[in-house]
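Colleague: Pasting a structure here, questions to come.
Residue numbers (my numbering): 901 to 1200.
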């Protein structure tokens, strides 16, 4: 998603010879039907979810088949949280559940006389310096007489530790209180305010991606540098850093190596099975994360 600030120079042979054999793709007749689990618990007070589905043939147009009528629980050794199925394949806790740093969480899924389990340790997320917000130098009609702001999204690579990262920007619905009475909202702000009037949602942008501790040469070509520039006085920028155990990061890195990062550079990844912490031949991952939150409000 974002560009890392690296320049890689590759020396490639001037002439490459290869033999290409055309192979006929044999369409899979039926899905293997293995259970796929995507679940997490964090230190945020909210409804945490577990998604259940089945594997499918390689080439299909349909979405993965959700798995209903399972009994799903999460416990920390003392307290057991029961999850309710609120839509096909989507199971959630109550919205008062909070994970705790240091606990090991045990996921149990009972389905069709089978039991699937996973364990996840909730490790602490270390403090991170807030992103730098700077003045936006723009050349737009009615936008040069007043101050507006921007920030560059964090680089994907070079983080001190791996994180799942989310950055949310919000506009202050009372933005006119932050500017002189002669101020008129430029069009790009008025569009946001008009949307807020109909949705009551102040969020301007919400971006989620991963921060990696090391450089991945083939992956660097997947990301481009970009910025968020729809900021004004009163705007709020919230960053969330979700901790990841080494095992959880190994899973995410393997998934990316088999999907987004494949075939992007001269140093490709070897195909391999994606690891899992789910028992009984299921696929996917159950994670536990501490969430470190940084908030900034732009003021004079």
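We put the beta carbon where it would ideally sit given N, CA and C, even for glycine. Computed from a predicted structure; not experimentally measured.
Give me, in chain order, the residues of the same chain whose beta-carbon lies closer than 6 Å to that of residue 1189; leave out the 5 immediate sequence neighbours on both sides.
Modeller: Counting from one through the chain shown, the residue named residue 1189 turns up at place 289. Once the five neighbours on either side are set aside, the close Cβ partners of residue 1189 are 942, 1142, 1143.
Colleague: Mind checking whether residue 1075 and residue 1103 have CB atoms under 8 Å apart?
Modeller: Position 175 of the chain shown, counted from the start, is the residue given in the question as residue 1075. Position 203 of the chain shown, counted from the start, is the residue given in the question as residue 1103. In this structure, residue 1103 does not lie closer than 8 Å to residue 1075 by Cβ.
Colleague: Look at the alpha carbon of residue 988 and the alpha carbon of residue 966, and state the distance between them as a whole number of angstroms.
Modeller: Here residue 988 is taken as the residue at index 88 of the chain shown, counted from 1. Here residue 966 is taken as the residue at index 66 of the chain shown, counted from 1. Taking the straight line from one Cα to the other gives about 6 Å.
Colleague: Figure out for me which residue from 1162, 1065, 1183 has the closest Cα to the Cα of residue 1191.
Modeller: One-based indexing of the chain shown puts residue 1191 at position 291. Closest by alpha carbon: 1065.
Colleague: To the nearest angstrom, report how far apart residue 1033 and residue 951 are at their CA atoms.
Modeller: Here residue 1033 is taken as the residue at index 133 of the chain shown, counted from 1. Here residue 951 is taken as the residue at index 51 of the chain shown, counted from 1. A straight line joining the alpha-carbon of residue 1033 with that of residue 951 spans about 36 Å.
Colleague: Let me know the alpha helix (DSSP H) ranges lying completely inside the segment 1069-1122, each 4 residues or longer, listed in chain order.
Modeller: With a minimum length of 4 residues, the continuous alpha helix (DSSP H) runs that stay inside the segment 1069-1122 are 1087-1099.
Colleague: What is the residue span of the beta strand (DSSP E) that residue 1006 lies within?
Modeller: Within the chain shown, numbered from 1, the residue matching residue 1006 stands at position 106. Start and end: 1004-1011.
Colleague: Would you mind stating whether residue 947 and residue 992 have Cβ atoms separated by less than 8 Å?
Modeller: Position 47 of the chain shown, counted from the first residue, corresponds to residue 947. Position 92 of the chain shown, counted from the first residue, corresponds to residue 992. Yes, Cβ-Cβ distance for residue 947 and residue 992 is below 8 Å.
Colleague: Are the segment 1173-1188 and the segment 1010-1029 touching by the rule of at least three beta carbon pairs closer than 8 Å?
Modeller: yes
Colleague: Can you name the start and end residues of the beta strand (DSSP E) that residue 1139 belongs to?
Modeller: Indexing the chain shown from 1 puts residue 1139 at position 239. Segment 1136-1143, the beta strand (DSSP E) holding residue 1139.
Colleague: Suppose contacts are defined by Cβ-Cβ distances below 8 Å. Is residue 1048 in contact with residue 1079 by that definition?
Modeller: To locate residue 1048, count along the chain shown from 1; it is residue 148. To locate residue 1079, count along the chain shown from 1; it is residue 179. No, the pair does not count as a contact, with Cβ atoms beyond the cut-off.
Colleague: Can you check which of these residues, 1195, 1057, 1149, is closest to residue 1174 by C-alpha distance?
Modeller: As a working mapping, residue 1174 is identified with position 274 in the chain shown. For residue 1174, the nearest C-alpha among the options comes from 1149.
Colleague: Indicate whether residue 1127 and residue 1053 have their beta-carbon atoms separated by less than 8 Å.
Modeller: On the chain shown, position 227 is the one that residue 1127 refers to. On the chain shown, position 153 is the one that residue 1053 refers to. With respect to residue 1053, residue 1127 sits close: the two C-beta atoms are nearer than 8 Å.
Colleague: If you follow the beta strand (DSSP E) that residue 970 is part of, which residue opens it and which one closes it?
Modeller: One-based indexing of the chain shown puts residue 970 at position 70. Unbroken run through residue 970: none, as it is neither H nor E.
Colleague: For residue 1114, which residues from the same chain have a beta carbon less than 8 Å from its beta carbon, with the 5 sequence-adjacent residues on both sides left out?
Modeller: The count along the chain shown starts at 1 and reaches residue 1114 at position 214. The residues are 1057.
Colleague: Where does residue 1154 sit, in a helix, a strand or coil, going by DSSP?
Modeller: Counted from its first residue, the chain shown places residue 1154 at position 254. Three-state DSSP puts residue 1154 in a helix.
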